[in-house]
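Report on the following structure.
Number of protein chains: 2
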Amino acid sequence: MKIGLDMMGGDFAPLEAVKGAAEFINATKNTVHLVLIGDEAQIKLHLQSYPIPDENYSIVHATQVIEMNEHPTKALKEKQQSSIAIGFQLLATGKADAFISAGNTGAMMVGALFSIKTIEGILRPTIGAYMPRENGTLGLLVDVGLNADCKPENLNQFAVLGSLFAKYILNFDHPKVGLVNLGEEEGKGNILAQAAYSLLKENNQINFIGNIEGRDILLDKADVLVCEGFTGNVVLKLAESIYDIVQRRNINDEHFDRFNFEQYGGVPVLGVSKPVIIGHGISHATAFKNMIRIAVRMIETDLLGKMKESFKARI
Amino acid sequence: MKIGLDMMGGDFAPLEAVKGAAEFINATKNTVHLVLIGDEAQIKLHLQSYPIPDENYSIVHATQVIEMNEHPTKALKEKQQSSIAIGFQLLATGKADAFISAGNTGAMMVGALFSIKTIEGILRPTIGAYMPRENGTLGLLVDVGLNADCKPENLNQFAVLGSLFAKYILNFDHPKVGLVNLGEEEGKGNILAQAAYSLLKENNQINFIGNIEGRDILLDKADVLVCEGFTGNVVLKLAESIYDIVQRRNINDEHFDRFNFEQYGGVPVLGVSKPVIIGHGISHATAFKNMIRIAVRMIETDLLGKMKESFKARI
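Chains as they are written, first to last, in our numbering: chain A, 2 to 316; chain B, 2 to 316.
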């Protein structure tokens, strides 16, 4: 299998991307072939310090880079030779089976929507984030900002996509789905949450356990936590800030170390037709390694096939 | 000044209410007169252990109690002799200048709306919560659940009410108002946040500093954090859960101790025409003491007069 990796995306590219790629290959000794996309000279230079066996990689030279602050649509249109544009060309034409970047999030989303499209039946793709729980597992909060305004059916679809991700990637047998809400009882919430509750309750593709309050987000009450992207984004960034506070106060605690969201790299864009993973801008080697690992697992488990089947059944 | 205190509200009533009342009076030696509303025999019994000077209190006997799980409107209608119903009668007729309860939140809200009404011009009253910041101050997050669905003008009014509370009770000279949002730039957010931003920007009664992300909620970037009650409730309960996690992990830290929201007792219902404070169900003595202190300060600073003036100017 071939994993396309944008070597120019993120604040510490290409060095950390090379390190992460090398760590992944050398740790797993597997048959994954990495397609490293970016400035060939720079990549080769770093590969001297962090070597990867020849059979495990190839380089696709990209002469341009889309910077973090560029306008997504404009940049993608004008920079056809950028690592992100080339990555999506490789993905769309089957020369890569997945594409990973810690670069411009907007450009990654636009690229995903225009080059590989959404899964049939999906109204809106979504991005989630891991939520560390005290029992050592990770929950999935979805959406975390891609969809600030949602309709009830969007949340219902996020629940299905998130459940499949939780099942095949996070290894939950029957992932419990909770609706983030301001009270536990049915009937609580804003208009959106009330309407979404009815849809989730009727949805036999998921294991819906009801409403989840803010206090339950960091517990293992539910494995997939569904909400619109506005609340999800505020929750994610609040959780991220907890790690910063813990660091500033010199608190050493194994559990709070897991609030260092950088290490997770990123979760896939759920709902597009091929594996696409958008990483945190400040991704380091571990983050890149983890993103490659997730992409591999998505391919091995045929997660996209499962998602397509699931939505075919619903149409 | 006379402060009405529901002695039967909360999980540890009337003992903790008596203790809190005694602590307040004995700590401050002031001229406050507490009107203790509830079962006279029980109150007198606890006063033997936690005495209050005769001139600082009177008891108004209430034969009924509205339980935490009762339906608010029904309970208030049927239990006219309950401590909450009597408390609002005293407040409405001027026999108390403020009313405090850690009892049934819904009954407190219904009582407030029907017995003393909202300030003229206020569309919806609101309840906020304190947010502890690392510099030792408290910010105010408003709304935290009373208004799950909001219109832009609701948020604009919460900003004015919250600013006045922050100025007169939390002692910020020019409280900075931030709009909770998923990005910092103007134009970010869901439809509500985008529309609210325009109103807040034009509002010359507040010191609006722009959008505030989840990561800024626990910093001192803004003193008043405005959002609809859905997101606010999730944020508050998530912050509350951080304290629980810190406790379970045996972390001793002065700052995280301030995440014990119980100690704050409760913040006032903002937008109703007289001082009403609804406490946390699990309020202990410190919480009751703090609520009395806030009620006193609201009366001393004529916060309600300031609010009425402010909305008169806007009509």
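Note that beta-carbon positions come from the ideal geometry of N, C-alpha and C, so glycine has one too.
Using only alpha-carbon positions, find the residue among P73(B), C151(B), I38(B), Q81(B) that is nearest to H62(B). The shortest Cα separation from H62(B) among P73(B), C151(B), I38(B), Q81(B) belongs to I38(B).
Going by the beta-carbon positions, is the gap between G181(B) and E135(B) smaller than 9 Å? Checking the sequence shown, residue 181(B) turns out to be Val, not Gly. It is not a contact, given that the beta carbons lie outside the stated cut-off.
Does the beta carbon of S199(A) come closer than 9 Å to any beta carbon on chain B? Under the 9 Å criterion on CB atoms, S199(A) is classed as non-interfacial with respect to chain B.
Using beta-carbon positions only, say whether T207(B) and A149(B) come within less than 9 Å of one another. The displayed chain sequence assigns Ile, not Thr, to residue 207(B). Judged by beta-carbon spacing, A149(B) lies beyond the 9 Å limit of I207(B), meaning their Cβ atoms are not closer than that value.
Taking P133(B) as the reference, give the member of K20(B), V36(B), A314(B), L220(B) with the closest Cα. Out of K20(B), V36(B), A314(B), L220(B), L220(B) has the C-alpha closest to the C-alpha of P133(B).
Are the C-beta of A108(A) and some C-beta of chain B separated by less than 9 Å? Not an interface residue.
Compare the C-beta of G215(A) against all C-beta atoms of chain B and say whether one is closer than 9 Å. Under the 9 Å criterion on CB atoms, G215(A) is classed as interfacial with respect to chain B.
Report the rounded CA-to-CA distance for H47(A) versus F89(A), giving the unit in angstroms. If I take the Cα positions, the gap works out to 24 Å.
Quick one: list the residues of chain C neighbouring R250(B), beta-carbon separation under 7 Å, in chain order. Absent from the structure: chain C. Protein chains present are A and B.
Quick check: the stretch 144 to 158 of chain A against the stretch 228 to 238 of chain A, are there 3 or more CB pairs under 8 Å? Cβ pair count under 8 Å is three or more, so yes.
Compare the C-beta of V143(B) with all C-beta atoms of chain A and state if any pair is closer than 9 Å. For V143(B), the nearest beta carbon of chain A is not closer than 9 Å to its own beta carbon.
Keeping to the same chain, check which residues put their C-beta closer than 7 Å to that of A93(A); ignore five residues upstream and five downstream. Annotation for A93(A): S116, I117 place their beta carbon closer than 7 Å to its own, counting only its chain and skipping 5 residues before and after.
Does K238(A) come within less than 9 Å of chain B when only Cβ atoms are used? Interface annotation, K238(A): in contact with chain B, CB-CB separation under 9 Å.
Let me know if D303(A) comes out buried or exposed under the rule of 16 or more other beta-carbons within 10 Å of its beta-carbon. Result: exposed.
Identify every run of the alpha helix (DSSP H) within the stretch 42 to 121 of chain A, keeping only runs that are complete inside it and at least 4 residues long; order them along the chain. The stretch 42 to 121 of chain A contains these whole alpha helix (DSSP H) runs: 73 to 79, 84 to 93, 106 to 112.
Between the Cα of Q195(B) and the Cα atoms of V227(B), L114(B), G5(B), which residue gives the shortest distance? Answer by Cα proximity: V227(B).
Backbone CA spacing between V273(B) and K290(A) [nearest angstrom]: Taking the straight line from one Cα to the other gives about 55 Å.
Considering V277(A), what are the terminal residues of the beta strand (DSSP E) in which it resides? For V277(A), the enclosing beta strand (DSSP E) starts and ends at 277 to 279.
Determine the chain B residues that contact A18(A) at a beta-carbon separation under 7 Å, and present them in chain order. One finds nothing in chain B with a Cβ atom closer than 7 Å to the Cβ of A18(A); even the nearest lies about 25 Å away.
Quick check: the Cα distance between L305(A) and M109(A), rounded to an integer number of angstroms? Inter-residue distance for L305(A) and M109(A) is about 18 Å (C-alpha atoms, whole angstroms).
Distance between G282(A) and G104(A) (C-alpha atoms, nearest Å): Distance between the alpha carbons of G104(A) and G282(A): 6 Å.
How would you list, in chain order, the residues of chain A whose beta-carbon sits under 9 Å from the beta-carbon of A103(B)? The contacting residues do not exist; A103(B) stays about 18 Å from chain A at best.
Output yes if chain A places a C-beta closer than 9 Å to the C-beta of L114(B); else output no. Answer no: the Cβ-Cβ gap between L114(B) and chain A never drops below 9 Å.
Take I246(A) as the anchor and find which of R216(B), K275(B), N155(B), D224(B) has the nearest alpha-carbon. Looking at the Cα atoms, R216(B) is the closest of the given residues.
Are I293(A) and I4(A) close, meaning C-beta to C-beta below 9 Å? I293(A) is a Cβ neighbour of I4(A), given a cutoff of 9 Å.
Quick one: grab the DSSP three-state call for K290(A). Correct three-state label for K290(A): helix.
DSSP-derived helix/strand/coil call for V161(A): For V161(A), the secondary structure class from DSSP, reduced to helix, strand or coil, is helix.
What residue from F25(A), A42(A), E121(A) has the CA that sits closest to L35(A)'s CA? The option with the nearest alpha carbon to L35(A) is F25(A).
Where does H256(A) sit, in a helix, a strand or coil, going by DSSP? Of the three classes helix, strand and coil, the one that applies to H256(A) here is helix, per DSSP.
Along the chain, where does the beta strand (DSSP E) containing F209(B) start, and where does it finish? Per DSSP, F209(B) belongs to the beta strand (DSSP E) from 208 to 213.
Would you please verify whether the beta carbon of V321(A) is less than 9 Å from any beta carbon of chain B? Any question about residue 321(A) goes unanswered here, given that chain A covers just 2 to 316.
With 9 Å as the limit, tell me which residues of the stretch 157 to 188 of chain B have their beta carbon closer than that to any beta carbon of chain A; keep them in chain order. Residues passing the 9 Å Cβ filter: V181, N182, L183, G184.
Is the Cβ-Cβ distance between T106(A) and G163(A) less than 9 Å? Cβ distance not < 9 Å, so T106(A) and G163(A) don't count as in contact.
Cutting at 8 Å between CB atoms, please list the residues of its own chain near E201(B), excluding the five before and the five after it. For the record, residue 201(B) in the displayed sequence is Leu; it is not Glu. L156, N157, A160, V178, L180, I207, F209, V227.
For G306(A), the three-state DSSP class (helix, strand or coil): Three-state DSSP puts G306(A) in a helix.
CB contact below 9 Å: E229(B) versus chain A: Yes, contact with chain A.
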